[in-house]
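**Q**
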Amino acid sequence: MRNSYYRNYKLMKKYSFSFLGFILFTFLPLFLKAQDFNQRKADIEALKVSIITTKVGLTADEGKIFWPVYNEYQAEKQRLMKERRQKIVQARMNADNLSDKEVEELIQNDFAIQQRELDIEKKYYDRFKKVIPLKKVAKLYMAEEQFKRELLKRLRNQQGQTTD
325 MRNSYYRNYK LMKKYSFSFL GFILFTFLPL FLKAQDFNQR KADIEALKVS IITTKVGLTA
385 DEGKIFWPVY NEYQAEKQRL MKERRQKIVQ ARMNADNLSD KEVEELIQND FAIQQRELDI
445 EKKYYDRFKK VIPLKKVAKL YMAEEQFKRE LLKRLRNQQG QTTD
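Counting from 1, position 47 in the sequence shown corresponds to residue 371 in the numbering used here; the numbering is continuous, with no gaps.
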């Protein structure tokens, strides 16, 4: 039962992280167009740090150990998302000219990227457990989801499409 729950949780998390990450990075330029890119990026990062620090309840000592690991985690995920975005753009540009074999290859490649993303999640889950208590790791995942919701809300507000 527990193993099934864990497997379902990881699968759900993988797809929700993938989907939300893709949405965020796809629409981020629209969100940022009205202001200086670097300032908006810094504001977004500050929001993320604030939400995570508050919701996880990191102490100063934990933060010193946690943030370098978390920043590595984010860098790995961003590199992977960039790779995925590039492949999606290439596929869209050539979609009508692709053979079935090429389409199959693109889909399999996307599955491989999703697997690599899951591997990153597992790797850093293990690393996070070594630097903060397990309950705070769980709170971290919840805080990341809250951050994504807040960012999407701000994006909708920026576009004038507020929905509550």
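Virtual Cβ for every residue (Gly too), placed ideally from N, Cα, C.
1) Can you list, in chain order, the residues of its chain with a C-beta nearer than 6 Å to that of residue 488? Leave out the 5 residues immediately preceding and following it.
2) According to DSSP, is residue 398 helix, strand or coil?
3) Pull up the CB-CB distance for residue 380 and residue 467, whole angstroms please, since I reckon it's below 8 Å.
4) Buried or exposed: residue 486, going by 16 or more other Cβ atoms within 10 Å of its Cβ?
5) Using 10 angstroms around the beta-carbon of residue 459, count the other beta-carbons present and answer buried if the total reaches 16, otherwise exposed.
6) Could you name the residues of the same chain whose beta carbon sits closer than 6 Å to that of residue 389, not counting the 5 residues immediately before and after it, in chain order?
7) Between the alpha carbons of residue 421 and residue 473, how many angstroms are there, rounded?
8) Roughly how many angstroms lie between the CA atoms of residue 412 and residue 451, to the nearest whole one?
**A** A quick look at the data gives this:
1) Position 164 of the sequence shown holds residue 488. Residue placement at residue 488 is flagged as unreliable, the pLDDT there being 49, under the threshold of 50; the coordinate-derived value follows with that caveat. Hits under 6 Å: none found.
2) Taking the sequence shown and counting its residues from 1, the one referred to as residue 398 is at position 74. Helix, per DSSP.
3) The residue labelled residue 380 in the question sits at position 56 within the sequence shown. The residue labelled residue 467 in the question sits at position 143 within the sequence shown. That belief holds up - the Cβ atoms of residue 380 and residue 467 are roughly 6 Å apart, short of 8 Å.
4) Reading the sequence shown from its first residue, position 162 is the one you call residue 486. Its pLDDT being 49, under 50, residue 486 is placed unreliably in this model, and the coordinates cannot settle the point.
5) Counting from one through the sequence shown, the residue named residue 459 turns up at place 135. So residue 459 ends up on the exposed side.
6) Within the sequence shown, the letter at position 65 stands for residue 389. Taking residue 389 as the centre and dropping the five residues before and after it, the same chain places the C-beta of 455 closer than 6 Å to its C-beta, in chain order.
7) As a first step, residue 421 is located in the sequence shown; it is residue number 97 there, counting from the start. As a first step, residue 473 is located in the sequence shown; it is residue number 149 there, counting from the start. Each residue's Cα considered, the two are about 37 Å apart.
8) On the sequence shown, position 88 is the one that residue 412 refers to. On the sequence shown, position 127 is the one that residue 451 refers to. If I take the Cα positions, the gap works out to 30 Å.
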